[in-house]
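Yeah, the sequence shown ends on 191 if you go by the UniProt record's numbering, and it's all consecutive. Each residue gets a CB set at the ideal place from its N, CA and C atoms; glycine is no exception. Because the structure is a prediction, the values reported are computed rather than measured. Single-structure report; data block below.
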Amino acid sequence: MQLDRIVNFHKTIGDPTRIKIIALLANKSWNGQALAGKLGLSAPTITHHLKKLREINVVYERRDKNTIYFYLNKSIMKQQLEALSNLMEKNQGHTEMDVSSDEEMAIIQIFFTPDGKLKNIPAQRKKKLVVFRYMIKGLKAGKKYKETEINEYIIQFFDDYATIRREFITNHFMYREKNQYELNPEEMWLK
1 MQLDRIVNFH
11 KTIGDPTRIK
21 IIALLANKSW
31 NGQALAGKLG
41 LSAPTITHHL
51 KKLREINVVY
61 ERRDKNTIYF
71 YLNKSIMKQQ
81 LEALSNLMEK
91 NQGHTEMDVS
101 SDEEMAIIQI
111 FFTPDGKLKN
121 IPAQRKKKLV
131 VFRYMIKGLK
141 AGKKYKETEI
151 NEYIIQFFDD
161 YATIRREFIT
171 NHFMYREKNQ
181 YELNPEEMWL
191 K
């Protein structure tokens, strides 16, 4: 998915050494030894950072005899910045997945019992997202939840907490790191 690629790109370049390497490569090509000398780092450290940048296609290499020169892939940098800009613009307006509040209430009444239990997960994506938005409302922004806390929260709606928990992550309602869960800003939620 596009959002995952944008996040991976920014996580990878979000390192001070990698930013310095990108800045140096923006003007000319460099070999690894020259980069290490310029940045005051060891060759293995530079190799590690260049490998990470190659994995996201920000850097490419060319061999000249026994020396490998690294170049900045400016088109990828530009493409990633445009992708982030497009994502921001897309989230400013409405998308085709948006539903009116009347539609939303109708979907909630169809899929939830009067005591608040989810009957089943909707097959249609638009309805599924409405259901998840409704379920997530009881969680607090900025609070980190343990996996067991999320499971207990979900069970009040639906017994298959693992599926719902996975859907929260897949649809960017929540972020998971080291079995800690946190709500994403609403602007990141799939619509």
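Cα-Cα separation between residue i and residue j, rounded to whole angstroms
i: Glu103; j: Val131; result: 12 Å
i: Gly138; j: Leu190; result: 18 Å
i: Asn148; j: Gln124; result: It is Thr, not Asn, that sits at residue 148 in the sequence shown. Cα-Cα distance, rounded: 28 Å.
i: Arg5; j: Leu118; result: 32 Å
i: Tyr181; j: Ile68; result: 43 Å
i: Met135; j: Ala106; result: 15 Å
i: Arg62; j: Leu35; result: 15 Å
i: Arg133; j: Thr45; result: 44 Å
i: Tyr175; j: Leu41; result: 33 Å
i: Thr170; j: Met188; result: 11 Å
i: Pro122; j: Ala43; result: 53 Å
i: Ile108; j: Lys144; result: 27 Å
i: Lys78; j: Pro16; result: 20 Å
Closest by C-alpha distance to residue i, when choosing among the options
i: Leu129; options: Tyr60, Tyr71, Thr12 and Phe168; result: Phe168
i: Gln33; options: Asn66, Arg166 and Ile136; result: Asn66
i: Phe9; options: Gln80, Asp64 and Asn31; result: Gln80
i: Arg54; options: Glu186, Tyr71 and Lys38; result: Tyr71
i: Ala83; options: Glu177, Asn31, Glu152 and Val7; result: Val7
Beta-carbon gap between residue i and residue j smaller than 8 Å
i: Phe173; j: Gly116; result: no
i: Asn86; j: Asn73; result: no
i: Arg165; j: Ile155; result: no
i: His49; j: Ile21; result: yes
i: Arg18; j: Lys51; result: no
i: Lys38; j: Leu24; result: yes
DSSP-derived helix/strand/coil call for residue i
i: Asp64; result: strand
i: Asp15; result: coil
i: Asn31; result: strand
i: Gln180; result: strand
i: Ser42; result: coil
i: Val59; result: strand
i: Phe112; result: strand
i: Lys140; result: coil
i: Lys119; result: coil
i: Leu50; result: helix
i: Leu24; result: helix
i: Phe168; result: helix
i: Leu72; result: strand
Same chain, Cβ closer than 8 Å to residue i, five either side skipped, listed in chain order
i: Thr113; result: Lys119
i: Ala141; result: Leu183 and Pro185
i: Ser29; result: Arg62, Tyr69, Phe70 and Tyr71
i: Met97; result: Reliability of the predicted coordinates at Met97 is poor, the pLDDT of 45 falling under 50, and the value obtained from them is presented with this limitation in mind. Closer than 8 Å at Cβ, skipping near neighbours: Arg125, Lys126, Leu129, Leu190 and Lys191.
i: Tyr60; result: Arg54, Phe70, Tyr71 and Asn73
Residues of its chain near residue i, where Cβ-Cβ distance is below 7 Å and the 5 sequence neighbours each way are ignored
i: Ala26; result: Leu72
i: Ile13; result: Ile19, Ile22 and Val58
6 Å CB neighbourhood of residue i in its chain, flanking five on each side removed
i: Ile110; result: none
i: Asn179; result: Glu147
i: Glu177; result: none
Heavy atom of the ligand PLP within 7 Å of residue i beta-carbon
i: Lys119; result: This structure simply doesn't include the ligand PLP, nor any ligand for that matter.
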